[in-house]
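In what follows, a single structure is set out as structure tokens and then discussed.
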Amino acid sequence: MKMTQQLDQTLSPQIHIIDGKEFAETLRQSVAIGARAFREKRGRAPGLAVVLVGQDPASQVYVRTKMKKALESGIDSFPHLLDSSTSQADLLQLIEKLNNDRYVHGILVQLPLPAHIDESKIITAIDPAKDVDGFHPINVGLLGQGKASLVPCTPLGCLMMLKDHLGNLSGKKAVIVGRSNIVGKPMANLLLQENCTVTIVHSRTEDLYSECRQADILVVAMGKAEFINAGAIKPGAVVIDVGINRVDKGGRSVLVGDVDFDSVGPVAGAITPVPGGVGPMTVACLMGNTLAAAEAIERDRAARY
Ligand code: GUN
8 MKMTQQLDQT
18 LSPQIHIIDG
28 KEFAETLRQS
38 VAIGARAFRE
48 KRGRAPGLAV
58 VLVGQDPASQ
68 VYVRTKMKKA
78 LESGIDSFPH
88 LLDSSTSQAD
98 LLQLIEKLNN
108 DRYVHGILVQ
118 LPLPAHIDES
128 KIITAIDPAK
138 DVDGFHPINV
148 GLLGQGKASL
158 VPCTPLGCLM
168 MLKDHLGNLS
178 GKKAVIVGRS
188 NIVGKPMANL
198 LLQENCTVTI
208 VHSRTEDLYS
218 ECRQADILVV
228 AMGKAEFINA
238 GAIKPGAVVI
248 DVGINRVDKG
258 GRSVLVGDVD
268 FDSVGPVAGA
278 ITPVPGGVGP
288 MTVACLMGNT
298 LAAAEAIERD
308 RAARY
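For the sequence shown, my numbering begins at 8 and goes up steadily by one.
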């Protein structure tokens with residue numbers, strides 16, 4: 008199943024688009040089949056608790072999308088929309104309650120949290136078996152050791168698209184732009200497991216562009232609108248654009264990635280668009296992680312009783 012389209016363009020060379028939206032829909036349908044089988048066997052659906060603290064507009068959109076896709080996937084979602092003044096102690100108490108709730112198999116706390124709450128304390132309080140974001144130190148450690156774990160959704164979605172497009176990644180030179188805990192670092196571990204030669208570049212890297220030009224695979228997650236242009240691309244490289252930035256273009260507010268699509272597209276072997284690339288895959292992988300967590304938790308429970 009190759010989720011790659013070729014856009015024939017009259018005025019510019021062909022651009023190979025990796026269609027994350029279509030890939031995500033295929034993945035979501037397979038999760039829905041798994042969720043139905045789970046419900047028939049266990050008498051309840053996989054359950055995902057979604058916690059949002061505050062009214063950040065972008066986070067509200069993400070949380071709404073996650074709940075809508077959960078519903079479409081046959082996953083029960085339990086929203087907890089909390090005021091921005093919620094204390095850390097109250098949030099920890101909610102996490103404890105969700106950890107012990109038999110109907111909840113996955114817990115997602117939307118980030119960023121308000122400044123008065125210590126994100127790492129909250130993430131560490133989540134039961135690692137329900138950590139569908141893969142952010143808990145235990146899951147981070149397991150991923151670093153190359154062992155089975157819940158893996159962060161964005162890099163997992165990127166890896167799926169890369170494997171779908173390229174097949175075997177072994178020996179490829181991968182460069183990741185950005186060293187965040189959510190994308191850059193787990194992406195590096197996943198690509199290492201696929202036997203890639205991995206480099207992470209970041210804001211302090213000397214000559215970032217020349218590092219990028221070595222890449223067969225370039226994953227860009229730096230949060231700077233259209234920062235990467237054709238000068239950073241080895242012809243034929245596969246480019247995964249994780250960025251989502253809202254910018255003004257000719258008086259219109261539009262979404263763009265961290266990659267300058269118009270200049271990079273014709274040079275790259277394939278590229279993910281923004282929107283419609285990594286974003287939908289992140290949400291689909293969250294549904295996949297929730298189903299996987301539910302199956303593991305109920306299997307363990309059944310083995311104990
Ligand atoms: N904020 C931005 N990306 C993510 C994500 O993948 N998970 C959570 N929980 N918050 C985010």
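From the three backbone atoms N, C-alpha and C, an ideal C-beta is built for every residue, glycine too.
Annotation: L225 is outside any alpha helix (DSSP H); the continuous beta strand (DSSP E) that includes it extends over 224–227. Residue burial annotation: D255 is exposed, with fewer than 16 other C-beta atoms found within 10 angstroms of its C-beta.
C-alpha of A181 to C-alpha of G258: approximately 37 Å in a straight line. Its chain contains G81 as the residues whose beta carbon lies nearer than 8 Å to that of R43, once the 5 sequence neighbours on both sides are disregarded; these appear in chain order. In terms of side-chain proximity, the C-beta atom of D134 is found no nearer than 6 Å to any non-hydrogen atom of ligand 1. When the Cα atoms are used, Q36 and E79 turn out to be separated by approximately 9 Å.
Here N146 is buried. Its C-beta has 16 or more other C-beta atoms within 10 Å. Membership of D255 in the beta strand (DSSP E) is indicated by the continuous run 252–256. In its chain, beyond the 5 residues on either side, G27, K28, A31 have a beta carbon closer than 6 Å to the beta carbon of P287. Excluding the 5 residues flanking it on each side, G238 has same chain C-beta neighbours closer than 7 Å at Y216, in chain order. Under DSSP, P242 takes part in no beta bridge, so it has no partner. If you draw a straight line from the Cα of E103 to the Cα of V245, it is about 42 Å long. Sorting A132, D108, I207 by C-alpha distance to the C-alpha of Q95 places A132 at the top.
In this structure, the straight-line span from the alpha carbon of P193 to that of I24 is close to 24 Å. Relative to ligand 1, the beta carbon of Q62 is positioned no closer than 6 Å to any heavy atom. With a cut-off of 6 Å, the C-beta of Q95 is classified as distant from ligand 1, since no heavy atom of the ligand falls inside that distance. With fewer than 16 other beta carbons inside 10 angstroms of its own, D90 counts as exposed. Boundaries for T33: no beta strand (DSSP E) harbours it, while the alpha helix (DSSP H) harbouring it runs 27–49, taken from the DSSP string. DSSP, read as helix, strand or coil, puts F268 in helix. Excluding residues up to 5 positions away in sequence, E233, N236 lie with their Cβ nearer than 6 Å to the Cβ of D267 in the same chain.
Closer than 6 Å to some heavy atom of ligand 1: that does not describe the Cβ of D214.
About 26 Å separates the CB atoms of V184 and V139; that is not less than 8 Å, and the two are not in contact. In the DSSP assignment, I183 falls within the beta strand (DSSP E) that extends over 180–184. D265 has its CB no nearer than 6 Å to any heavy atom of ligand 1. DSSP, reduced to helix, strand and coil, places P135 within a helical segment of the structure shown.
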